[in-house]
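Novice: What follows is a single structure, and I will ask about it in a moment.
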Ligand SMILES: [Zn+2]
Ligand SMILES: [Zn+2]
């Protein structure tokens, strides 16, 4: 069973790491989500951006870079941007499935 990213409890739900202004849609597209227990999921929605930062720190994901990408219109993305998001997607997948 998948554990919560932050504690040893069983993960109850998925949480999209980034949100606001269409970011959630891209998170769903790229599977940018983490497994959290109920308590940490509530915190995630209370703290919002600081919590997203915390998630990225924990996973060694470049929060600033991903945010910069997600803040731009998808048609302005460079090849490196989609590559980085794909890298993060694959990393998250292996992290939570191992
Ligand atoms: Zn937890
Ligand atoms: Zn959530």
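Residue numbers (this note's numbering): 99 to 196.
Glycine is no exception: its CB is placed at the ideal position from the N, C-alpha and C atoms.
For residue 112, verify whether its CB is less than 8 Å away from any heavy atom of ligand 2.
Specialist: yes
Novice: In the region 124-195, which residue ranges form an unbroken beta strand (DSSP E) of at least 3 residues, counting only runs that do not cross its ends?
Specialist: 131-134
Novice: Quick check on residue 121: does DSSP put it in helix, strand or coil?
Specialist: Three-state DSSP puts residue 121 in a helix.
Novice: Starting from residue 111, trace the beta strand (DSSP E) both ways and give me its first and last residue.
Specialist: 111-114
Novice: Check whether the Cβ atoms of residue 194 and residue 100 sit closer than 9 Å, and answer yes or no.
Specialist: yes
Novice: Sorted by chain position, which residues of the same chain lie with C-beta nearer than 6 Å to residue 161's C-beta, five sequence neighbours on each side aside?
Specialist: 151, 154
Novice: Could you tell me the distance, in whole angstroms, from the CA atom of residue 127 to the CA atom of residue 180?
Specialist: 12 Å
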